[in-house]
Amino acid sequence: MPRPMPASRSESCLAPEIDPARPPRAPHSASRVVFATLSAIGFVFLIGIPIPAGGAGVGCDGEWADSPICRERQAAVDARARAEALLERLPDLAEPPWDPAEFESADALYQEGMAFYRDEYFGDAAARFQSATDLLIGIEQAFQAFVARRLAAADAALEAEDFEAAAAGYDAVLDVQPESGAASHGLSTANRGLAARKALEQARQAIHSGDFATAESRLESVPPGMLSDGVAQARRQIQASRHQQRLSRRMSRGFQHLDRAEWQEAEAAFTEALRADPDSAAALDALEDLHRRRAGAELASYRDRLEAQVELEHWAEALALLERMRELDPHDAVTARELSRIGHLAAVEGRIDGYLSRPQRLSAKGVRDRVTALLDTTADPEVYGARIAGKRERLLQSLATWTTPVELTIRSDDRTEVRIRPGRVLGKFRERRLEVFPGDYVLSGRRNGYREVSVQVAVAPGADALSFEVVCHERF
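For reference, each letter of the sequence shown is one residue, going 22 to 497 in the numbering used here.
As structure tokens, this is what we get:
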């Protein structure tokens with residue numbers, strides 16, 4: 022009957038079972054050498070000393086524990102345990118990452134060792150187990166190097182955020198080493214990275230379609246520290262796109278106002294756009310177009326208003342319009358010529374208005390001379406028009422009125438020194454007649470030992486002759 026295989030490849034130090042049906046083999050091990058030596062000594066000695074040959078009921082306890090056969094048996098047990106531990110650690114793979122021929126050689130050596138072990142040739146078994154162990158150690162070292170390389174490659178891919186390659190690498194490691202905690206953790210991280218990359222791609226698509234709320238929601242699902250460059254770039258895109266949307270809305274609003282000739286509102290919208298993006302060529306061009314179109318519209322409006330003011334000979338108003346037109350178009354030659362002509366007319370009219378507003382000044386010699394010169398240079402109505410001609414005529418009449426003298430009689434006591442201001446010292450007299458132009462005067466008298474006296478004199482244009490007394494009566 023064939024011997025049943027043990028449930029585990031590990032073996033205790035108990036003596037192996039002996040198959041009584043198996044014929045004895047030639048001795049190969051040290052235990053058989055001991056048996057031969059003992060046989061030569063004699064039958065009586067052999068009977069007197071139990072032989073620890075591994076037979077039924079024979080153990081390695083007591084005084085036989087250190088016997089050669091027991092030492093060989095223990096060495097075989099240890100070598101077998103090492104070989105079986107390696108065999109248990111190396112997984113049973115369909116495509117193992119080692120040379121199948123080497124594994125088959127190691128397994129064949131192990132099976133040979135087991136055959137010797139069952140036959141109790143422990144020295145031969147230990148040698149076979151050790152040879153199998155040596156091959157298996159090499160295979161395990163190669164296997165561990167393979168796993169380390171695949172882990173390192175997967176870690177590098179994970180570091181480079183190549184999550185597909187990282188996941189494939191960790192899967193490959195787990196295929197040959199399912200208990201690898203590093204591979205399991207790496208695969209979990211790689212899968213989270215794949216989910217994060219999908220979320221980032223969805224965010225980018227949402228940004229492209231203008232759905233920024235969805236984009237931000239998808240970005241929030243990306244774990245912190247993962248795909249940080251891509252997430253930061255996406256957030257910058259959201260910010261830039263929102264900024265561009267606001268800029269576009271302002272520009273659109275500005276063009277709507279511009280088309281309706283709502284200059285102030287259009288300028289405010291374009292200015293807001295330029296404030297949001299100082300380098301916006303579109304906003305700069307829009308403002309330039311706005312100024313050009315507004316200037317053109319304002320110039321047309323000013324020309325119509327100017328024509329009406331010139332027709333009415335409102336030279337000051339016409340001058341203000343021309344100055345505004347020059348600001349809008351500094352190089353217009355027609356505006357420059359009209360500005361010179363109308364500026365002169367407005368100045369002349371202003372001077373005449375000034376003299377007419379204070380006619381009492383006309384009696385002063387300096388003023389009278391300037392007015393006379395002004396009247397002389399404005400005599401041509403073809404040049405100055407009916408409006409200035411009418412004011413000139415009023416000024417001429419006012420000049421005549423305020424330069425027609427009125428007789429003034431002054432009486433005194435021949436002791437008081439009399440003066441007239443504005444004017445001169447009249448001296449001491451009893452009576453003196455003067456001709457003065459209309460206006461306001463002060464007559465004053467001084468005398469040693471007496472208080473000074475003064476008389477206010479108002480000479481109206483066309484007044485009859487006036488008489489005043491100037492005498493110092495009151496002593497100090």
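For glycine and all other residues, C-beta sits at the position ideal for the given N, C-alpha and C.
Residues of its chain near residue i, where Cβ-Cβ distance is below 7 Å and the 5 sequence neighbours each way are ignored
i                : result
valine 369       : Thr399, Tyr405 and Ile409
valine 252       : Leu221, Leu240 and Val243
glutamate 359    : Leu343
alanine 100      : Ala147, Phe150, Gln151 and Thr154
glutamate 338    : Gln330
arginine 218     : Phe184 and Leu248
arginine 225     : Ala255
phenylalanine 64 : Low confidence applies to phenylalanine 64: its pLDDT is 29, below 50, so where it sits in the model is not reliable, and the reading given next is rough at best. If we look at phenylalanine 64 and ignore the five residues flanking it on each side, it has no Cβ neighbours.
arginine 53      : Confidence at arginine 53 is low in this model, with a pLDDT of 34, below 50, so the placement of that residue should be treated as unreliable; the coordinate-derived value is given next. Within the same chain, arginine 53 has no close Cβ partners at all.
threonine 356    : Leu343, Met346, Arg347 and Asp350
Integer-rounded CB distance, given that residue j should sit under 8 Å from residue i
i                 : j                 : result
alanine 236       : alanine 255       : 7 Å
arginine 213      : phenylalanine 143 : At roughly 55 Å, the Cβ-Cβ gap does not stay under 8 Å, so arginine 213 and phenylalanine 143 are not in contact.
arginine 170      : alanine 193       : Contact doesn't hold; Cβ gap of about 10 Å is too wide.
phenylalanine 233 : arginine 263      : 6 Å
isoleucine 431    : arginine 453      : 5 Å
tyrosine 323      : arginine 347      : About 10 Å separates the two Cβ atoms, so there is no contact after all.
Cβ shell of residue i (< 6 Å), same chain only, five flanking positions each side left out
i              : result
valine 492     : Ser433, Asp434 and Thr437
alanine 175    : Ala187, Gly190, Tyr191 and Gly207
proline 48     : Residue placement at proline 48 is flagged as unreliable, the pLDDT there being 37, under the threshold of 50; the coordinate-derived value follows with that caveat. Correct list: empty, nothing qualifies.
alanine 127    : Ala153, Leu156 and Leu157
tryptophan 284 : Arg315
leucine 130    : Arg149, Ser152 and Ala153
glutamine 198  : Val168
Test item: CB-CB of residue i and residue j under 8 Å
i                 : j                 : result
leucine 11        : valine 480        : Beyond the ends of the chain as shown, which are 22 and 497, falls residue 11; an answer cannot be given.
alanine 146       : tyrosine 138      : yes
methionine 272    : alanine 307       : yes
alanine 164       : leucine 107       : Sequence inspection shows phenylalanine at residue 164; the alanine mentioned does not correspond to that position. Against a cut-off of 8 Å, the Cβ pair of leucine 107 and phenylalanine 164 comes out as no contact.
alanine 188       : alanine 211       : yes
valine 439        : leucine 447       : yes
glutamate 185     : leucine 248       : no
phenylalanine 167 : proline 118       : yes
alanine 290       : arginine 274      : yes
valine 474        : glycine 483       : no
leucine 366       : leucine 416       : no
alanine 304       : leucine 295       : yes
arginine 389      : leucine 383       : yes
alanine 297       : leucine 268       : yes
leucine 349       : alanine 385       : no
proline 426       : phenylalanine 450 : no
arginine 442      : valine 463        : yes
alanine 282       : alanine 318       : yes
alanine 407       : glutamate 334     : yes
Beta carbon proximity, residue i to chain D, threshold 8 Å
i             : result
glutamate 125 : Reference to chain D is not applicable here, since this structure consists of a single protein chain.
Beta-carbon proximity list for residue i, same chain, < 8 Å, skipping 5 on both sides
i             : result
arginine 496  : Gly470, Tyr471 and Arg472
alanine 122   : none
leucine 195   : Ser201, Ala204, Ser205 and Leu208
glycine 159   : Glu123
arginine 372  : Leu395
alanine 354   : none
serine 419    : Tyr376, Leu377, Pro380 and Leu383
aspartate 461 : Gln381, Gln477, Val478, Ala479 and Val480
glutamate 403 : none
Bridge partners - residue i, DSSP secondary structure assignment
i              : result
isoleucine 431 : Arg453 and Phe489
isoleucine 441 : Leu464
glutamine 223  : BP columns for glutamine 223 are empty, so no partner.
valine 478     : Tyr462
valine 446     : Arg440
tyrosine 142   : In DSSP, tyrosine 142 forms no bridge with anything.
arginine 281   : Its beta-bridge partners do not exist; DSSP assigns none.
arginine 239   : According to DSSP, which records beta bridges pairwise, arginine 239 is partnered with nothing at all.
arginine 496   : Tyr471
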